[in-house]
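Data first, discussion second: the structure below is written as structure tokens.
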Amino acid sequence: MTEIKTTQTLLSNDIHFLGDILGQIIRRHAGIELFELVERIRALTKARRIDADPVIDAHIAQLVNSFKTGDSELIARAFAVYFELINLAEEQYRIQVLRERERQAHPLPLKESIAAAVATLRQMGVDEIEMKQLLDRLHIELVFTAHPTQAKRRTVLSKLRRVAQALTERHNRDLLPSEQQQLEDHVRAEVTSLWFTNRTRTAVLTVTDEVRTGLYYVDTTLWEALPAVYRSMADALAEHYPTLAMPERLLTFGSWIGGDRDGNPNVTADITAETLRLHRGLAVIKHRDTAVQLNRSLTISDTLVEMQPEFLSALQTVKSNSTHLQFLQNRYPNEPYRLWAAALADDLADAAAGKMVERLKGIANPPLALKSMADLLRPLNLMDKTLRQSNLRDLAKDTLARMRYQAQVFGMHVARLDIRQYSDYNTAVLDELLRLLGRHNHFGKLSAEERAAVLSEQLAAANPDLSRLQRDELSPETAETLDLFQILHRAFDFYGRELLGPYIVSMTHGPEDILAPLLL
Numbered sequence: 000m001t002e003i004k005t006t007q008t009l010l011s012n013d014i015h016f017l018g019d020i021l022g023q024i025i026r027r028h029a030g031i032e033l034f035e036l037v038e039r040i041r042a043l044t045k046a047r048r049i050d051a052d053p054v055i056d057a058h059i060a061q062l063v064n065s066f067k068t069g070d071s072e073l074i075a076r077a078f079a080v081y082f083e084l085i086n087l088a089e090e091q092y093r094i095q096v097l098r099e100r101e102r103q104a105h106p107l108p109l110k111e112s113i114a115a116a117v118a119t120l121r122q123m124g125v126d127e128i129e130m131k132q133l134l135d136r137l138h139i140e141l142v143f144t145a146h147p148t149q150a151k152r153r154t155v156l157s158k159l160r161r162v163a164q165a166l167t168e169r170h171n172r173d174l175l176p177s178e179q180q181q182l183e184d185h186v187r188a189e190v191t192s193l194w195f196t197n198r199t200r201t202a203v204l205t206v207t208d209e210v211r212t213g214l215y216y217v218d219t220t221l222w223e224a225l226p227a228v229y230r231s232m233a234d235a236l237a238e239h240y241p242t243l244a245m246p247e248r249l250l251t252f253g254s255w256i257g258g259d260r261d262g263n264p265n266v267t268a269d270i271t272a273e274t275l276r277l278h279r280g281l282a283v284i285k286h287r288d289t290a291v292q293l294n295r296s297l298t299i300s301d302t303l304v305e306m307q308p309e310f311l312s313a314l315q316t317v318k319s320n321s322t323h324l325q326f327l328q329n330r331y332p333n334e335p336y337r338l339w340a341a342a343l344a345d346d347l348a349d350a351a352a353g354k355m356v357e358r359l360k361g362i363a364n365p366p367l368a369l370k371s372m373a374d375l376l377r378p379l380n381l382m383d384k385t386l387r388q389s390n391l392r393d394l395a396k397d398t399l400a401r402m403r404y405q406a407q408v409f410g411m412h413v414a415r416l417d418i419r420q421y422s423d424y425n426t427a428v429l430d431e432l433l434r435l436l437g438r439h440n441h442f443g444k445l446s447a448e449e450r451a452a453v454l455s456e457q458l459a460a461a462n463p464d465l466s467r468l469q470r471d472e473l474s475p476e477t478a479e480t481l482d483l484f485q486i487l488h489r490a491f492d493f494y495g496r497e498l499l500g501p502y503i504v505s506m507t508h509g510p511e512d513i514l515a516p517l518l519l
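Each residue of the sequence shown is one higher than the one before, starting from 0 at the first, in numbering that gives the first Met the number 0.
If you want it as structure tokens, here you go:
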């Protein structure tokens with residue numbers, strides 16, 4: 000309990016620290032008079048929260064009505080920055096509380112944690128067979144969605160993240176006074192920048208902006224946080240069910256951003272192609288960064304450790320397929336694991352440079368360095384296996400394990416992209432296509448049962464040759480839909496099923512609405 004009180008003291012100190020800095024900035028850049036006005040409003044609203052007194056309401060109303068021209072915007076900005084900073088301090092406090100609870104619980108697992116859940120199952124008598132059946136069924140997919148009015152600018156998010164990091168560093172008791180001052184100066188600079196940063200974008204938020212905002216959280220938080228979840232599960236299984244292996248795809252991500260076109264004409268085929276490129280681009284760059292770390296970690300010399308034949312045989316195949324291995328081999332002649340990690344980083348660099356959008360639009364077809372999650376996991380799993388065979392499991396459990404877990408969670412595309420379209424939209428597109436192809440003249444006017452029969456008949460027949468249709472014959476909606484499905488077909492052909500989620504038909508009324516996209 001004493002430790003929890005200590006974290007509460009840290010919260011109070013952080014709030015005062017951030018509030019004092021913001022107050023200094025307001026006085027310096029907006030003036031003493033405005034600062035005092037903000038403080039009066041804050042004091043009155045705080046009192047109003049404690050006591051719902053009409054007199055206080057009247058004071059607040061009178062104060063607000065007395066604002067000079069320009070005061071309203073500055074006061075709103077002051078409270079916006081204030082609450083961003085206070086929320087940040089409270090988030091850091093919650094993190095500290097959770098860490099302290101886990102520290103106090105040790106060596107027992109933290110309540111409601113993965114480790115506690117696995118331990119409880121074992122205590123309840125769940126044996127290895129039952130646990131394996133449970134793990135085989137266990138798959139969690141978290142899906143990103145977006146709402147334009149709720150999307151905070153990545154610029155602001157990045158500044159707040161840096162302030163949060165500074166707060167964490169500030170609690171380090173080993174800091175020198177000069178280092179404490181540097182941290183305070185850094186926070187003051189970030190808060191000053193926040194004060195002069197627009198909360199709203201000067202340009203209209205685009206779908207691509209929404210995609211990038213979703214990926215921001217993967218890049219800055221989830222990419223490093225999720226391996227810890229996997230590690231917790233792996234350690235718990237090793238302790239309580241040592242014969243069981245970790246499920247390979249325990250947790251994955253999906254996304255609607257850039258694929259949900261129901262009622263949003265801004266989500267075009269080109270936007271979907273760009274979204275897939277951004278997903279893959281982030282994944283390969285992050286994997287490459289970890290592969291570079293792996294290259295610096297796995298410096299095992301074959302003069303000191305006997306290499307496993309299976310590993311050496313596979314490495315020979317890698318050498319024969321890589322154009323850069325000769326240089327790397329001259330650099331690391333006795334470090335085969337490092338050689339393979341460097342080759343993997345090189346392949347990921349090639350994958351990052353690949354022209355994905357051009358490939359999806361049929362403009363280019365450059366060779367693929369790494370296509371799928373399986374291509375990435377294959378060498379990582381072999382490294383893990385042979386390191387353990389060489390009694391080097393400590394190396395297998397470090398950077399290599401983190402990269403394996405990241406590959407299992409995020410694959411080569413971060414998240415599966417779900418595609419969504421309104422059922423009536425698909426019906427209108429098929430009405431036009433079937434008429435132009437001479438298959439049916441009034442598809443859209445048929446009853447639901449009749450449309451289902453026509454679609455079943457068309458699906459049983461030879462696929463329609465859509466390539467013979469001239470683009471100027473098509474309505475913009477139909478042309479756009481055909482472009483989308485060509486991109487989806489190419490994505491599936493080039494990269495496999497892992498980068499795409501389901502095609503969701505909204506406002507479905509019957510089987511005919513589910514059959515419609517199958518014909519496209």
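Where a beta carbon is used, it is the ideal one built from N, C-alpha and C, also for glycine.
Quick one: using the 10 Å Cβ neighbour count with 16 as the cut-off for buried, is Arg102 buried or exposed? Start at 1 with the first residue of the sequence shown, and residue 102 comes out as number 103. Around the beta carbon of Arg102, a 10 Å sphere encloses fewer than 16 other beta carbons of the protein chains shown; the residue is thus reported as exposed.
Distance, Cα to Cα, Leu33 vs Tyr81? Mapped onto the sequence shown, residue 33 falls at position 34. Mapped onto the sequence shown, residue 81 falls at position 82. As the crow flies, the alpha-carbon of Leu33 is around 14 Å from that of Tyr81.
Quick one: measure Cβ to Cβ for Ala88 and Leu204, integer angstroms, because I've assumed they're closer than 8 Å. Numbered from 1 along the sequence shown, position 89 holds the residue referred to as residue 88. Numbered from 1 along the sequence shown, position 205 holds the residue referred to as residue 204. Ala88 to Leu204, Cβ: 28 Å. No contact.
Extent of the continuous beta strand (DSSP E) to which Gln307 belongs: Residue mapping note: residue 307 aligns to position 308 of the sequence shown, counting from 1. Per DSSP, Gln307 belongs to no beta strand (DSSP E) and is neither H nor E.
Can you tell me where the beta strand (DSSP E) with Glu140 in it begins and where it stops? Counting from one through the sequence shown, the residue named residue 140 turns up at place 141. Taken as a continuous stretch (DSSP letters only), the beta strand (DSSP E) holding Glu140 covers Ile139 to Phe143.
Just to confirm, is the Cβ distance from Leu297 to Ala340 under 8 Å? Sequence index remark: in the sequence shown, residue 297 carries index 298 (1-based). Sequence index remark: in the sequence shown, residue 340 carries index 341 (1-based). In this structure, Ala340 lies closer than 8 Å to Leu297 by Cβ.
For the candidate residues Gln292, Ser231, Thr242 and Val206, whose alpha-carbon lies nearest to that of Ser254? By 1-based counting over the sequence shown, the position of residue 254 is 255. Each of Gln292, Ser231, Thr242 and Val206 was checked against the Cα of Ser254, and the nearest Cα belongs to Val206.
Can the beta-carbon of Leu555 be found closer than 8 Å to that of Leu518? Nothing about residue 555 can be reported from this structure: the residues present for the chain run from 0 to 519 only.
For the region 363-439, which segments carrying the beta strand (DSSP E) assignment without a break, of at least 3 residues, lie completely within its bounds, in sequence order? As far as the region 363-439 is concerned, its whole beta strand (DSSP E) runs of at least 3 residues are 415-421.
My guess is that Leu379 and Arg403 are in contact by the Cβ rule of under 8 Å, so how many angstroms apart are they, rounded? Position 380 of the sequence shown, counted from the start, is the residue given in the question as residue 379. Position 404 of the sequence shown, counted from the start, is the residue given in the question as residue 403. Their Cβ separation, rounded to whole angstroms, is 5 Å, which keeps Leu379 and Arg403 in contact under 8 Å.
Starting from Ser505 and walking both ways along the beta strand (DSSP E), at which residues does that stretch end? Start at 1 with the first residue of the sequence shown, and residue 505 comes out as number 506. Annotation for Ser505: the continuous beta strand (DSSP E) segment containing it runs Leu499 to Ser505.
Output the boundary residues of the alpha helix (DSSP H) element that contains Ser231. Within the sequence shown, the letter at position 232 stands for residue 231. Secondary structure note for Ser231: its alpha helix (DSSP H) is the uninterrupted segment Trp222 to His239.
Hey, Val356 and Arg276 are a contact pair by Cβ (cut 8 Å); roughly how many whole angstroms apart? As a position in the sequence shown, residue 356 is number 357, starting the count at 1. As a position in the sequence shown, residue 276 is number 277, starting the count at 1. Going by Cβ atoms, the distance from Val356 to Arg276 rounds to 5 Å, so yes, they are a contact pair.
Between the beta-carbon of Thr385 and the beta-carbon of Val428, is there less than 8 Å? Position 386 of the sequence shown, counted from the start, is the residue given in the question as residue 385. Position 429 of the sequence shown, counted from the start, is the residue given in the question as residue 428. For the pair Thr385 and Val428, the CB atoms are not nearer than the 8 Å cut-off.
With 16 as the cutoff for other CB atoms within 10 Å, does Gln180 come out buried or exposed? As a working mapping, residue 180 is identified with position 181 in the sequence shown. In the assembly as shown, Gln180 is an exposed residue. Its beta-carbon has fewer than 16 other beta-carbons within 10 Å.
Select from Gln292, Gly69, Asp70 and Leu43 the residue whose C-alpha is nearest the C-alpha of Ala57. As a working mapping, residue 57 is identified with position 58 in the sequence shown. The shortest Cα separation from Ala57 among Gln292, Gly69, Asp70 and Leu43 belongs to Leu43.
How is the alpha helix (DSSP H) around Leu445 delimited, first residue to last? Your numbering for residue 445 matches position 446 in the sequence shown. Leu445 -> no alpha helix (DSSP H), and no H or E assigned at all.
May I have the straight-line CA-CA distance separating Met0 from Asp173, to the nearest angstrom? Walking along the sequence shown from the start, residue 0 turns up at place 1. Walking along the sequence shown from the start, residue 173 turns up at place 174. Note that Met0 scores a pLDDT of 47, beneath 50, so its modelled location is shaky; the value from the coordinates is reported in the next line. The straight-line gap from Cα to Cα measures roughly 24 Å.
Spatial neighbours of Leu359 within its chain, please: C-beta separation below 7 Å, excluding the five flanking residues on both sides. Stepping through the sequence shown from its first residue, residue 359 is reached at position 360. Cβ within range, chain order: Ala272, Leu275, Ile486, Arg489 and Ala490.
Proximity below 8 Å, CB of Leu21 to CB of Leu62: Numbered from 1 along the sequence shown, position 22 holds the residue referred to as residue 21. Numbered from 1 along the sequence shown, position 63 holds the residue referred to as residue 62. In this structure, Leu62 does not lie closer than 8 Å to Leu21 by Cβ.
Would you tell me roughly how many angstroms separate the C-alpha atoms of Arg248 and Pro226, rounded to the nearest one? As a position in the sequence shown, residue 248 is number 249, starting the count at 1. As a position in the sequence shown, residue 226 is number 227, starting the count at 1. When only Cα atoms are considered, Arg248 and Pro226 end up about 12 Å apart.
Taking Asp218 as the reference, give the member of His185, Gln405, Asp50 and Phe310 with the closest Cα. The residue you call residue 218 lines up with position 219 of the sequence shown. Proximity to Asp218 across His185, Gln405, Asp50 and Phe310 peaks at Gln405, based on C-alpha coordinates.
Only counting runs of 3 or more residues, tell me where the beta strand (DSSP E) segments fall wholly within the region 250-319, in order along the chain. With a minimum length of 3 residues, the continuous beta strand (DSSP E) runs that stay inside the region 250-319 are 250-254.
Look at the alpha carbon of Arg153 and the alpha carbon of Asn86, and state the distance between them as a whole number of angstroms. Residue 153 sits at position 154 when you count from the first residue of the sequence shown. Residue 86 sits at position 87 when you count from the first residue of the sequence shown. Straight-line spacing of the CA atoms in Arg153 and Asn86 works out to 17 Å.
Nonlocal neighbours in the same chain, by C-beta distance under 6 Å from Glu140, ignoring five residues either side: On the sequence shown, residue 140 is found 141 positions in, with the first residue counted as 1. Shown here for Glu140: same chain residues with a beta carbon closer than 6 Å to its own, the five before and five after excluded, namely Thr251 and Gly253 in chain order.
Less than 8 Å between the CB atoms is what I'm expecting for Leu236 and Val162, so what's the real figure, rounded? Position 237 of the sequence shown, counting from 1, holds the residue named residue 236. Position 163 of the sequence shown, counting from 1, holds the residue named residue 162. About 38 Å; that fails the 8 Å criterion.
Grab me the residues of Val186's own chain with a C-beta within less than 7 Å of its C-beta, minus the 5 sequence neighbours each way, in chain order. Residue numbering aside, residue 186 sits at position 187 when the sequence shown is read from its first letter. Same-chain partners within the cutoff: Ile20, Val162 and Ala165.
Can you find the residues in the same chain that come closer than 6 Å, C-beta to C-beta, to Ala568, ignoring five residues on each side of it along the sequence? Because the chain in this structure spans residues 0 to 519, residue 568 falls outside the shown range and cannot be described.
Compute the Euclidean distance between the alpha carbons of Gly437 and Asp417, then round it to the nearest angstrom. In the sequence shown, counting from the first residue as 1, residue 437 sits at position 438. In the sequence shown, counting from the first residue as 1, residue 417 sits at position 418. Those two C-alpha atoms are separated by around 32 Å.
Do Glu90 and the ligand ADP come close, with the Cβ less than 7 Å from some heavy atom? Absence of the ligand ADP is noted for the structure shown, with no ligands found whatsoever.
Range covered by the alpha helix (DSSP H) that runs through Val203: On the sequence shown, residue 203 is found 204 positions in, with the first residue counted as 1. Boundaries for Val203: no alpha helix (DSSP H) harbours it, and the DSSP string shows neither H nor E there.
Let's test the definition: count the other Cβ atoms within 10 Å of the Cβ of Gln122 and tell me whether it reaches 16, buried, or not, exposed. What you label residue 122 is simply residue 123 of the sequence shown in a count that begins at 1. Exposed: under 16 other Cβ atoms inside 10 Å.
4-residue-minimum alpha helix (DSSP H) runs that sit fully inside the region 37-65, ordered along the chain: The qualifying runs are 53-64.
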